[in-house]
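Residue numbers (the numbering used here): 12 to 241. Data block below; observations after.
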Amino acid sequence: MTEANPFAPPPGHVNTPTWSSLDDHLWHSCEIVADLLAGSLARRPWIATTARLERGDRALAGGPGKRSTWRAPGNGRYQHNSVVAVGNATFVIGSLLGSAIGNSTRRRQAARDAQARWMVDGPGEVTITRQKLHFASSAGGLDLDWKAMSAIDLVSVATFQTSFVNTRGQQVNTMVHTPWASLAFAVAAITAFPAHPRLLSGGWLPPGFERKCAHFGRPCRPAATLAAPQ
């Protein structure tokens, strides 16, 4: 089965070279990963963050983001209304029919709400560190330790996906939408999934990204090559 390319353009798309803010994030990601692999993170400037850092950890990048979780919005339950109608036959039949239709509609909606789907949890602040991804929002913080993750993937150029077991023993699938998604994937893979196919193939960067950097006068160190097996 061919691995999906998260950077593939839509059918019919004409690729006209441009440099975007997302390219800036990818360029900086390459520099950070190159320093990580070379053991040279100490030379990088410190990044201010409100994330709680363990001893020896340091923030690598940060900015706004959004989180989504794979879950069902409901549990299949609904309020069943029973109607006792008194009056003429037309009124009684109409009341019972209206109640049945209402119950049927609520039952179908409850069944739909019991189906899991990607649910947006809201915006927040993303911090990528040497040891984890920290997501802070008004609803509270979430620390995703690289070594505690069960699986990782890069589903789009700006979407990092992972699964983990929470403190209640439940498997949680979550996506973090951030322009630092490629950096999150690369650091997670280097730390805990060193044989991940996307890491070994260099597929965490868009095809030809290094050539694009050179074209725009922004050469980057070959981080994807450094992460591949020697």
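For every residue, glycine included, the Cβ atom is placed at its ideal position computed from N, Cα and C.
- Straight across, the Cα-Cα distance linking Thr138 with Trp129 is about 22 Å.
- Going by DSSP, Phe171 is part of the beta strand (DSSP E) stretching over 170-176.
- For His207, there is no enclosing alpha helix (DSSP H), since its DSSP letter is neither H nor E.
- Proximity of the region 28-40 to the region 178-196 meets the contact definition, three or more beta-carbon pairs being nearer than 8 Å.
- A residue is called buried when at least 16 other Cβ atoms come within 10 angstroms of its Cβ; Val176 does not meet this threshold and is exposed.
- As DSSP reads the structure, Gly76 sits in a beta bridge with Gly135.
- Rounded to the nearest whole angstrom, the CA to CA distance from Lys143 to Cys231 is 24 Å.
- Inter-segment contact for the region 158-168 and the region 202-212 is present: three or more beta-carbon pairs are separated by less than 8 Å.
- Only buried fits Pro17, as 16 or more other CB atoms lie within 10 angstroms of its CB.
- Nearest in C-alpha terms to Ala59, of all of Glu65, Ser174, Val131, Arg69, is Arg69.
- Under the criterion of beta carbons closer than 8 Å, Phe220 and Ala195 do not qualify as touching, at roughly 17 Å.
- In this structure, DSSP gives Leu216 a state outside helix and strand, which the three-state scheme calls coil.
- Under the three-state reduction of DSSP, Ser40 is assigned to helix.
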